[in-house]
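K.L.:
To convert, count from 1 in the sequence shown and add 516; that's our numbering. Starting off with a structure, shown below.
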Amino acid sequence: MNKETHICDLCERKVPRITEHHLIPREKGGRFDETIWLCVPCHKQVHALYSNYELAVRLNSLPRLKDDEKIKRYLKFIKKQPGDANVTIKKSKAIRKKGRY
């Protein structure tokens, strides 16, 4: 049986499932045409590390996101994992303390 695979825009791995990520969160005024496709672990990691405000103001493009130090460390790890790996994501201390907004 041939399984369908996709490429994550952030980690560039072949993965079985991708999700749509709004570069500017919808609650912060983002539109549907400002999106990228991320695997589930990458999408969860982005929202675990950054508030929606920070994503809207500072990390609102794929190059900016890829250039951030926290994501660089994460990408170094995730690129070594198989595309179908079950990866545990923890919220950063700042996000746990402040919440998402």
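The beta-carbon is built from N, C-alpha and C at its ideal position, and this holds for glycine as well.
Given a cut-off of 8 Å, decide if leucine 571 and lysine 618 are closer than it, judged by their beta-carbon atoms.
P.N.:
The shown model of the chain, from 517 to 617, leaves out residue 618, and the question about it has no answer.
K.L.:
Leaving aside the five residues before and after histidine 559 along the sequence, list all residues of the same chain whose C-beta is less than 6 Å from its C-beta, in chain order.
P.N.:
Taken in chain order, the residues that qualify are Thr535 and His537.
K.L.:
Between the segment 597-606 and the segment 538-554, are three or more C-beta pairs nearer than 8 Å?
P.N.:
Touching, no.
K.L.:
If we count the other Cβ atoms within 10 Å of its Cβ and call it buried at 16 or more, is arginine 542 buried or exposed?
P.N.:
Exposed: under 16 other Cβ atoms inside 10 Å.
K.L.:
Quick one: what's got a C-beta closer than 7 Å to arginine 539's C-beta in the same chain, skipping five residues either side?
P.N.:
Here residue 539 is leucine; the residue named in the question, arginine, does not match the sequence. Gly546, Glu550, Thr551, Ile552, Asn576 and Ser577, listed in sequence order.
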